[in-house]
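Q: Before I ask anything, let me first share the structure, which is written out below as structure tokens.
2 protein chains.
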Amino acid sequence: MINQSLLNPKSIVVIGGSNDIKKPGGKILKNIIDGSFKGELFVVNQKETSVQGITCQRSVNELGNIDLAILSIPARFCPEIMHTLADDKETRAFIILSAGFAEAGDEGKQLETEIVDIVNSVNACLIGPNCIGVLNANYRGVFTSPTPPLEPQGCDLISSSGSTAVFIMEAGIPLGLKFSSVFSVGNSAQVGVEEVLEYMDLNHDPLMHSGIKLLYLESVSDPKKLLKHASSLIKKGVRIAAIKAGSTKAGSRAAASHTGALTNSDVVVRALFRKAGIVYCSSREELLSVASVFNYKELKGKNIAVITHAGGSAVMLTDSLSAGGLLVPAIEGPDADKLLSFLHPGSSVGNPIDFLATGTAEQLGIIIDYCEQKFDQIDAMVVVFGSPGLFDVANVYNVLSEKLEVCSKPIFPVLPSVINARREIQGFLETGHINFPDEVVLGRALVAIYNTPAPQTIDEPEQAVDFNRIRKIIDSASDGFLSPEEVAALLDGTGIPRVTEHTITRASNVGHQFDCYLAS
Amino acid sequence: MINQSLLNPKSIVVIGGSNDIKKPGGKILKNIIDGSFKGELFVVNQKETSVQGITCQRSVNELGNIDLAILSIPARFCPEIMHTLADDKETRAFIILSAGFAEAGDEGKQLETEIVDIVNSVNACLIGPNCIGVLNANYRGVFTSPTPPLEPQGCDLISSSGSTAVFIMEAGIPLGLKFSSVFSVGNSAQVGVEEVLEYMDLNHDPLMHSGIKLLYLESVSDPKKLLKHASSLIKKGVRIAAIKAGSTKAGSRAAASHTGALTNSDVVVRALFRKAGIVYCSSREELLSVASVFNYKELKGKNIAVITHAGGSAVMLTDSLSAGGLLVPAIEGPDADKLLSFLHPGSSVGNPIDFLATGTAEQLGIIIDYCEQKFDQIDAMVVVFGSPGLFDVANVYNVLSEKLEVCSKPIFPVLPSVINARREIQGFLETGHINFPDEVVLGRALVAIYNTPAPQTIDEPEQAVDFNRIRKIIDSASDGFLSPEEVAALLDGTGIPRVTEHTITRASNVGHQFDCYLAS
Chain A
0 MINQSLLNPK SIVVIGGSND IKKPGGKILK NIIDGSFKGE LFVVNQKETS
50 VQGITCQRSV NELGNIDLAI LSIPARFCPE IMHTLADDKE TRAFIILSAG
100 FAEAGDEGKQ LETEIVDIVN SVNACLIGPN CIGVLNANYR GVFTSPTPPL
150 EPQGCDLISS SGSTAVFIME AGIPLGLKFS SVFSVGNSAQ VGVEEVLEYM
200 DLNHDPLMHS GIKLLYLESV SDPKKLLKHA SSLIKKGVRI AAIKAGSTKA
250 GSRAAASHTG ALTNSDVVVR ALFRKAGIVY CSSREELLSV ASVFNYKELK
300 GKNIAVITHA GGSAVMLTDS LSAGGLLVPA IEGPDADKLL SFLHPGSSVG
350 NPIDFLATGT AEQLGIIIDY CEQKFDQIDA MVVVFGSPGL FDVANVYNVL
400 SEKLEVCSKP IFPVLPSVIN ARREIQGFLE TGHINFPDEV VLGRALVAIY
450 NTPAPQTIDE PEQAVDFNRI RKIIDSASDG FLSPEEVAAL LDGTGIPRVT
500 EHTITRASNV GHQFDCYLAS
Chain B
0 MINQSLLNPK SIVVIGGSND IKKPGGKILK NIIDGSFKGE LFVVNQKETS
50 VQGITCQRSV NELGNIDLAI LSIPARFCPE IMHTLADDKE TRAFIILSAG
100 FAEAGDEGKQ LETEIVDIVN SVNACLIGPN CIGVLNANYR GVFTSPTPPL
150 EPQGCDLISS SGSTAVFIME AGIPLGLKFS SVFSVGNSAQ VGVEEVLEYM
200 DLNHDPLMHS GIKLLYLESV SDPKKLLKHA SSLIKKGVRI AAIKAGSTKA
250 GSRAAASHTG ALTNSDVVVR ALFRKAGIVY CSSREELLSV ASVFNYKELK
300 GKNIAVITHA GGSAVMLTDS LSAGGLLVPA IEGPDADKLL SFLHPGSSVG
350 NPIDFLATGT AEQLGIIIDY CEQKFDQIDA MVVVFGSPGL FDVANVYNVL
400 SEKLEVCSKP IFPVLPSVIN ARREIQGFLE TGHINFPDEV VLGRALVAIY
450 NTPAPQTIDE PEQAVDFNRI RKIIDSASDG FLSPEEVAAL LDGTGIPRVT
500 EHTITRASNV GHQFDCYLAS
């Protein structure tokens, strides 16, 4: 299980480290070197004496003690080397990139059992096999690119699919999304998504660790663990969004073929997510837009002010918000009239607040101040501001950046001009903020988050199921039928709560029983 | 109404043309010049003698005859100049960029009526006011950027919102989407979205004109016209997708404030679109992904083969397809076994066809050939192929480009590695194809198209409503009740079809009447 040897190793060996950076063993070594790993770094390769500037050992026997071993060699060679590392070199963490284990048939399954036994025998940690690795502030232990700049408050990404983790990072980086760590659990031979989350929950420090967790799962193998630690983390202020792929019959067949995932009913998964407080997502895009919203201040009510110089986007956004239960309430009254006086003729403040194509940065600042300070009913703002390509809009985005720092209400920026204002958007992202290129994609993310309830309290001691009592009742029902009293006893025996019941056998009892009912 | 003076002018004058390209009058002139307009180009500007290298007139009186006038001057100056142009200069097309008309209050409304009267008095065409202009193969008459490279078979975009047209182009160009023309109708004083579509229908030439129309509307002011010409175009092989913004109560209030749109019930709009065969979209992203699908061969059945080296994307895609009624059917049998023999161990062909992270370009070619030639039940393919960043994938995308040319079944490419394979994706786009960066966004577009029925036949002569007969029946119902015969006569009078009815008054009639019923 996850330990400090994995998370903060003092020494790493790459078994199968290579000079060829087109191979996983070469690329992962390059990533670790480029990431300025501060501990000791070793390579084992039978065919080389030096790899990427690092003196190379022919065998693990030549090594001293090693915290973390990363294996990029054929599956059949893994067990022997892991034995040596576990028993003689005090290695307590392993990442196996190689495929050819449980996903590859019976022989691979046996190999996988073997390596898990080795790891468990010394109480060590195993990530994979068949994964892209682990990436955190201490080392870049993945064989893929891009390796995003890491920030303590970026997202933690835990994925049962390596390629999906890569595609999520690739789609997230251009939006301005930051990452804190990435765990690709591959076949989850020992550590699955649930176990990573468990560790994060049990060791959560809000000052040190990210408040955003993103999950990609193809099966929930331990729903109780997921529920317990997801809801616990969320109660600590962490926000979690997850894709559970394989939600349909065909998708679940696809997942079974991909990672050997067991079928989970989508209805059950959705119920589990709701109970835990996890935002359910169906695509990389949804996961990333929800994650982007998580990066802004929390939405605490349902009333949104839509602020724009582009009417069409405001209309589509308003549709998507109100179709999902959020409100774009009318804004009226003396303060609204006052605000209108600062804007160009033809502007409207009724919400959407449309300050026209000629609207200025200064006007945007005034509008945001009014929404922040005067319009008490407003809980959050969305600012849609693009460019027709006539002039630079950097001054507008500067105002937006400044207001994002000082306002207590959340402000979500939609900067749609990915061509006309490419440079200005880049400048905005460099101030540490995230862009939503499509207003409706943002609207749907806000709706998904708003409609996910807080985690249910599951702290009460679990009532034990009284199997003896249940067995006795069932055995006594020789004809297969139970009396109302027996049904009640059966429910009580399982701990299923029920409303108070009374059995009426005579009409004259009704009044009396009704009194009982009212009194109970 | 739309005419050749607008579409293919031999001469254009920009009234208010300026040296300042940060102003609409300056930028539109620059766009027309940069677009190498082949006719004569004039500028009227009271304050200049030469604008952007073009000799400038102080007044329209100094001009000869002009086909098209583009006005970028304050609204109040428009009527007089338009009078001169219409009456003395044979100008038969006007584009008014200026705001300050009907959207700006009563005075503006009066001005708008005035200019429409001028235009109608000489049977000319008016685009706008309050729009970004018109862009087609003959001239780039918009004041915004980007001006996409135009192709005869690119999309025709007709929008009642100028900024939305810009944002649609900005989001579409990076996907590889091409355009054929853009019409921004602004206030639709004379020509609205429906009128542009009507012109396109009445003049459609499949060899010359685009087969893809994209619409953005905030109200449907002439539903009959939209239905008639949209369904007529679709029967000619054109494909149409549209956003009707303002679908919710709040969104419709927003639309009213933006373009003065009247409220249309979303249920009615959706029914209208279904009847016409228009694919209903709710966001720019949906419109663009549907448009991208339109650019590929038509999907003629519901059975999709998902081909990938990245299992996670395949699972999410399969979910989105099958949730929407499309199928990812199992592929089995001797041909499937044969195909498997060409792939690396561990691959699966059961559909998704997963040829693993180590899958090659050659293998992709073989898989596509099998889906095209051997697997008769397969109607279309989606290929998901990204890059973990280890090696160049251009050879894979080359195979994909080649197969796109030769296969009769549609193939939709999902190339998600927008960072790792940026250069290779760019190369793929340069072969003229379009990319779908997110598999689920593609899946939902395919579903939306698949679930939009063919246009209903509306060619039969419309039955006239017999108002006299209806009035007579209603007037004769002094107590407010109608007999069954009168109800039937009322329905017949409106032309509402009904099943054959018989009134039974005596039990002994039942058998006889039942015989009648069977015979009728």
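Each protein sequence line maps, in turn, to chains A and B.
Just so you know, we're using numbering that gives the first Met the number 0 here: the first sequence kicks off at 0 and counts up by one.
Just so you know, we're using numbering that gives the first Met the number 0 here: the second sequence kicks off at 0 and counts up by one.
The C-beta atom is built at its ideal place from N, Cα and C for all residues, glycine as well.
Note down, in chain order, each residue of its chain lying with its Cβ closer than 7 Å to the Cβ of A:F393, except the 5 sequence neighbours on either side.
A: As a working mapping, residue 393 of chain A is identified with position 394 in the first sequence. Checking the displayed sequence, the identity of residue 393 of chain A turns out to be Ala instead of Phe. Here the set comprises E423, G426.
Q: Can you tell me the Cα-Cα spacing of A:G16 and A:A68, whole angstroms?
A: Position 17 of the first sequence, counted from the start, is the residue given in the question as residue 16 of chain A. Position 69 of the first sequence, counted from the start, is the residue given in the question as residue 68 of chain A. One C-alpha to the other measures close to 11 Å.
Q: Below 8 Å on C-beta distance, what does B:G324 contact in chain A?
A: Locating residue 324 of chain B in the second sequence gives position 325, where the first residue counts as 1. None at all; the shortest Cβ gap to chain A is about 11 Å.
Q: Please report the distance separating the alpha-carbon of A:V42 from that of A:G236.
A: As a first step, residue 42 of chain A is located in the first sequence; it is residue number 43 there, counting from the start. As a first step, residue 236 of chain A is located in the first sequence; it is residue number 237 there, counting from the start. Those two C-alpha atoms are separated by around 41 Å.
Q: If contact means a Cβ-Cβ distance below 8 Å, which residues of the segment 309-324 of chain A contact chain B?
A: Answer set for the segment 309-324 of chain A: A309, G310, G311, S312, A313, V314, M315, T317, D318, S319, L320, S321, A322.
Q: In whole angstroms, what is the alpha-carbon distance linking B:S291 and B:A170?
A: Here residue 291 of chain B is taken as the residue at index 292 of the second sequence, counted from 1. Here residue 170 of chain B is taken as the residue at index 171 of the second sequence, counted from 1. Looking at the two C-alpha atoms, the distance is approximately 12 Å.
Q: With A:Y138 as the anchor, note down where its beta strand (DSSP E) starts and where it stops.
A: The residue given as residue 138 of chain A occupies position 139 in the first sequence. Unbroken run through A:Y138: none, as it is neither H nor E.
Q: If I'm right that A:S319 touches A:V439 with Cβ under 8 Å, what's the distance once you round it to whole angstroms?
A: Counting from 1 along the first sequence, the entry for residue 319 of chain A is found at position 320. Counting from 1 along the first sequence, the entry for residue 439 of chain A is found at position 440. Correct: roughly 5 Å between the Cβ atoms.
Q: Return the chain-ordered list of same chain residues with a C-beta closer than 7 Å to the C-beta of B:L325, the five sequence neighbours on each side being excluded.
A: Stepping through the second sequence from its first residue, residue 325 of chain B is reached at position 326. Excluding residues within five positions, the ones whose Cβ falls inside 7 Å are K301, I303, L445, V446, Y449.
Q: I'd like the list of long-range same chain contacts for B:E89, defined as Cβ closer than 7 Å, with 5 residues on each side in sequence excluded.
A: Here residue 89 of chain B corresponds to residue number 90 of the second sequence, with the count starting at 1. Closer than 7 Å at Cβ, skipping near neighbours: N64.
Q: Just curious, the beta strand (DSSP E) that A:T307 is in, first and last residue?
A: For the purposes of this step, residue 307 of chain A is taken as the residue at position 308 of the first sequence. Here the beta strand (DSSP E) through A:T307 covers 303-307.
Q: If the cut-off is 8 Å on Cβ atoms, which residues from the segment 193-218 of chain A count as contacting chain B, listed in chain order?
A: Those would be Y215, E217, in chain order.
Q: Hey, quick one: how far does the alpha helix (DSSP H) through B:G311 stretch, first residue to last?
A: Taking the first residue of the second sequence as position 1, residue 311 of chain B is located at position 312. From DSSP, the alpha helix (DSSP H) with B:G311 extends over 310-322.
Q: Based on DSSP bridge pairs, tell me the residues matched to A:K471.
A: One-based indexing of the first sequence puts residue 471 of chain A at position 472. Answer is none; A:K471 lacks a bridge partner.
Q: Tell me, please, whether the CB atom of B:G16 is closer than 7 Å to any CB atom in chain A?
A: Counting from one through the second sequence, the residue named residue 16 of chain B turns up at place 17. With 7 Å as the cut-off, B:G16 does not count as an interface residue toward chain A.
Q: May I ask which residues mark the beginning and end of the alpha helix (DSSP H) holding B:E113?
A: Translated into the one-based positions of the second sequence, residue 113 of chain B becomes position 114. Run containing B:E113: 105-120, per the alpha helix (DSSP H) assignment.
Q: Is A:S347 helix, strand or coil by DSSP?
A: Taking the first sequence and counting its residues from 1, the one referred to as residue 347 of chain A is at position 348. Of the three classes helix, strand and coil, the one that applies to A:S347 here is strand, per DSSP.
Q: Work out the CA separation of B:L363 and A:K21 for me, nearest whole Å.
A: For the purposes of this step, residue 21 of chain A is identified with residue 22 of the first sequence, where counting begins at 1. For the purposes of this step, residue 363 of chain B is identified with residue 364 of the second sequence, where counting begins at 1. When rounded, the distance between both Cα atoms is 20 Å.
Q: For the ligand HEM, is there a heavy atom less than 6 Å away from the beta-carbon of A:S416?
A: Among the components of this structure there are no ligands whatsoever, and the ligand HEM is therefore not found.
Q: If the cut-off is 8 Å on Cβ atoms, which residues from the segment 173-192 of chain B count as contacting chain A, listed in chain order?
A: Flagged, chain order: P173.
Q: Taking only beta-carbon atoms, is B:S246 less than 7 Å away from chain A?
A: Within the second sequence, the letter at position 247 stands for residue 246 of chain B. Yes, because at least one Cβ of chain A sits closer than 7 Å to the Cβ of B:S246.
Q: Any C-beta of chain B within less than 7 Å: which residues of the segment 157-168 of chain A qualify?
A: Within the segment 157-168 of chain A, the qualifying residues are S160, S162, T163, V165, F166.
Q: For the segment 283-308 of chain B, enumerate the residues whose C-beta is nearer than 8 Å to any C-beta of chain A, in chain order.
A: Here the close residues are R283, E284, E285, V305, H308.
Q: With 7 Å as the threshold, decide whether the Cβ of B:K227 is near any Cβ in chain A.
A: By one-based count along the second sequence, residue 227 of chain B stands at place 228. Chain A, which has no Cβ nearer than 7 Å to the Cβ of B:K227, makes this no.
Q: Which residue wins for smallest C-alpha separation from A:G185, given the options A:A488, A:K177, A:K373, A:I94?
A: Position 186 of the first sequence, counted from the first residue, corresponds to residue 185 of chain A. Of the listed residues, the one whose Cα sits closest to A:G185 is A:I94.
Q: Give a yes or no on whether the minimum CB-CB distance between A:A447 and chain B is below 7 Å.
A: Working through the first sequence from its first residue, we reach residue 447 of chain A at position 448. By this cut-off, A:A447 is not an interface position.
Q: Note down, in chain order, every chain B residue with its Cβ under 7 Å from the Cβ of A:G349.
A: In the first sequence, residue 349 of chain A corresponds to position 350, counting from 1. Going along chain B in sequence order, the residues near A:G349 (Cβ under 7 Å) are S256.
Q: Just list the beta strand (DSSP E) runs in the segment 226-253 of chain A, keeping only unbroken ones of 3 residues or longer that don't cross its boundaries, in chain order.
A: If we require 3 residues or more, the beta strand (DSSP E) runs fully inside the segment 226-253 of chain A come out as 238-243.
Q: Compare the C-beta of B:S144 against all C-beta atoms of chain A and say whether one is closer than 7 Å.
A: The count along the second sequence starts at 1 and reaches residue 144 of chain B at position 145. Yes, B:S144 lies at the interface with chain A (some Cβ there is under 7 Å from its Cβ).
Q: What does A:K88 touch in chain B if you count any residue whose Cβ is under 9 Å from its own?
A: On the first sequence, residue 88 of chain A is found 89 positions in, with the first residue counted as 1. None at all; the shortest Cβ gap to chain B is about 29 Å.
Q: Could you check if A:T258 is buried or exposed, using at least 16 other CB atoms within 10 Å of its CB as the buried criterion?
A: For the purposes of this step, residue 258 of chain A is taken as residue 259 along the first sequence, with counting starting at 1. A:T258 comes out buried.
Q: Which full runs of the alpha helix (DSSP H) of 4+ residues lie inside the segment 348-431 of chain B, going along the chain?
A: DSSP runs (the alpha helix (DSSP H)) wholly in the segment 348-431 of chain B: 360-368, 393-405, 421-429.
Q: Have a look at B:M207, B:S246, B:S256, B:L196 and flag the residue whose alpha-carbon is nearest the alpha-carbon of B:K227.
A: Residue numbering aside, residue 227 of chain B sits at position 228 when the second sequence is read from its first letter. With distances taken between Cα atoms, B:K227 lies closest to B:L196.
Q: Could you check the C-alpha separation between B:G539 and B:L316 for me, to the nearest Å?
A: In the structure as shown, chain B begins at 0 and stops at 519. Residue 539 of chain B is therefore absent and cannot be evaluated.
Q: Starting from the C-beta of A:E284, find all residues in its chain whose C-beta is less than 8 Å away, skip the five residues before and the five after it, and write them out in chain order.
A: For this step, residue 284 of chain A is matched to residue 285 along the first sequence. Closer than 8 Å at the Cβ level, and outside the excluded window around A:E284, lie A170, V440.
Q: Taking 6 Å as the limit between beta carbons, can you name the residues of its chain near A:S231, skipping five residues before and five after?
A: For the purposes of this step, residue 231 of chain A is taken as residue 232 along the first sequence, with counting starting at 1. The answer, listed in chain order, is D200.
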